[in-house]
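Data block below; observations after.
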Amino acid sequence: MDRRHFLTLAGGAAAAAALAGLASAATPAAALNAAAFHTARRFQPTRFGRIAYIEQGSGPAALFLHGFPLNSFQWRGALPLLAPYRRCVAPDFLGLGYTEVAPGQGMAPQDQVAMLAALLDRLRIGRVDLIANDSGGAVAQLFMVRYPQRVRSLLLTNCDSEPECPPAALAPVIELAKAGTFADQWFQPWLADKALARSARGIGGMCYADPAHPSDEALECYLGPLVSSPQRKAQMHAYAVALERNSLQGISAALKASRVPVRVLWGEADDIFTAASARYFEQAFGNGRGLRRLPGSKLFWPEEQPALLAAEARALWRLA
């Protein structure tokens, strides 16, 4: 019996519970490794450039928005878990990952919003469930306000809020990016010494709870393209500099007026965004579905805990 027929016969609530039980009992789907990630990558031509993305699954679409300086590889564990329920699309932002940016194209959050709308149009996707982390969370909020008819639900993880956009911890990064030295001073040493990258002085200690993260192949996937040429360094620097302006200034009223269901998952050990943002998000949304605190989890916890993220997404989608 197929899933649709089962739902029809059993009824919404009971069937959803049964399916959740079956899903939890099944063998977990394997995360993509780097080789599979590179093989799966597609490019969609737009006026913003050739947008790199990966896609798994079918049906209603879910759009995954990564953090900085990551790319769609961040979602390699979550996509296989959610592909049975959604057409999962994970693009690389302008200036990050493997997206090939058009000459003269801006990298600001508002530019990313417009790019995403164009990408969805090209993919013939009308509405999406958004899942976002870090700077991708700011883009998600802007997208929801600008295109409310295109968003079924929003699952936010640690990210910018209007009072904390950008977070104070990002100030040194922005200054180095302005000087054009961020990639050489931070990313190049981390690629050369991956133990350093995972130390307290690297992206691992700053943004991950597990000292084994990020893996060697994740570091290569994330940072390799950003230092691959002077042009790519300049684009990444432009992305970082564009974060200096508070792109969420004045958004609170629109978030409060929105009827889009929003769930927030917050890693409490985050060293980048403060607890003040978590408190803000508890009251920020007109159709908020609660904030779950994750003790011991840092900024990029969705990469470390894809099963938790996927379970929360499925629960939210049943509400949306």
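Residue numbers (mature numbering (1 follows the signal peptide of the UniProt record, and there is no 0)): -25 to -1, 1 to 295. C-beta: ideal position from N, C-alpha, C; glycine also.
Burial state of residue i, where buried means 16 or more other Cβ atoms lie within 10 Å
i	result
H212	buried
residue 299	This structure cannot settle anything about residue 299, because the visible part of the chain is limited to -25 through 295.
S33	exposed
residue 297	Residue 297 falls outside the range modelled here, since the chain spans only -25 to 295, and no answer is possible.
H41	buried
R234	exposed
S203	exposed
G72	buried
A(-9)	Per-residue confidence for A(-9) stands at a pLDDT of 38, beneath the threshold of 50, marking its modelled position as unreliable; the derived number appears in the next sentence. A(-9) comes out exposed.
K153	exposed
G263	buried
P66	buried
A4	buried
G225	exposed
Q49	buried
T99	Note on identity: in this sequence residue 99 is Arg, with Thr being the wrong assignment. Exposed: under 16 other Cβ atoms inside 10 Å.
P164	exposed
R176	exposed
D191	exposed
A288	buried
D135	buried
D104	buried
P147	exposed
Nearest-angstrom beta carbon gap, residue j and residue i [assumed within contact, 8 angstroms]
i	j	result
L131	A115	7 angstroms
Y197	P205	Y197 to P205, Cβ: 19 angstroms. No contact.
S222	Q85	7 angstroms
E195	A9	7 angstroms
Q31	A58	4 angstroms
P35	R62	7 angstroms
F39	E139	Rounded, the Cβ-Cβ distance is 22 angstroms, inconsistent with contact.
V126	R102	7 angstroms
S227	A187	In fact, because the Cβ distance is near 38 angstroms, the residues do not count as touching under 8 angstroms.
A37	I106	6 angstroms
Neighbourhood of residue i by C-beta, 7 angstroms cutoff - its chain only, sequence neighbours within 5 removed
i	result
A218	The sequence given here has Leu at residue 218, not Ala. The answer, listed in chain order, is S110, P141, L145 and I149.
Q87	F68, L69 and V114
E257	L266
M90	T21, F23, I26 and L69
A1	For A1, the pLDDT reaches just 40, beneath the cut-off of 50, and the residue's location in the model is therefore unreliable, although a value from the coordinates is still provided. Answer for A1: no residue qualifies.
Y122	A92
L171	P164, W165 and G177
residue 296	As shown, the chain starts at -25 and ends at 295. That puts residue 296 outside it, with no answer to give.
S(-2)	Because S(-2) sits at a pLDDT of 40, beneath the cut-off of 50, its placement in the model cannot be relied upon, and the point is left open.
Contact set for residue i: own chain, Cβ-Cβ below 8 angstroms, skip 5 residues either direction
i	result
A229	V120
G199	L166
G155	K208, A209 and H212
R25	F18, Q19, T74 and E75
R22	A77 and A93
A184	G242, A244, G271, S272, K273, W276 and E279
A15	L7, I29, E30 and Q31
Sequence-distant residues of its chain with Cβ nearer than 6 angstroms to residue i (five each side left out)
i	result
A53	P281, L284 and A285
A6	R51 and G52
R238	L130, R264 and L291
Segments assigned beta strand (DSSP E), at least 3 residues, entirely inside the stretch 39 to 94: Those beta strand (DSSP E) runs which fall completely within the stretch 39 to 94 and span 3+ residues are 62 to 66.
For the pair the stretch 264 to 275 and the stretch 236 to 243, tell me if three or more CB-CB distances fall below 8 angstroms. With contact defined as three or more Cβ pairs closer than 8 angstroms, the stretch 264 to 275 and the stretch 236 to 243 are in contact.
Is the stretch 275 to 282 touching the stretch 153 to 163 in the sense that three or more CB pairs, one from each, lie closer than 8 angstroms? Taking 8 angstroms as the limit for Cβ pairs, the verdict is that the stretch 275 to 282 does not touch the stretch 153 to 163.
Only counting runs of 3 or more residues, tell me where the beta strand (DSSP E) segments fall wholly within the stretch 151 to 230, in order along the chain. Fully enclosed beta strand (DSSP E) runs of 3 or longer: not present.
Going residue by residue through the stretch 118 to 142, where are the continuous beta strand (DSSP E) segments of at least 3 residues, counting only ones entirely within it? 126 to 134, all fully within the stretch 118 to 142.
Starting from the N-terminal side, write out each stretch of the alpha helix (DSSP H) that is 4 residues or longer and does not extend beyond the stretch 225 to 287. Along the length of the stretch 225 to 287, whole alpha helix (DSSP H) runs at least 4 residues long occupy 227 to 232, 250 to 259 and 276 to 279, reported in chain order.
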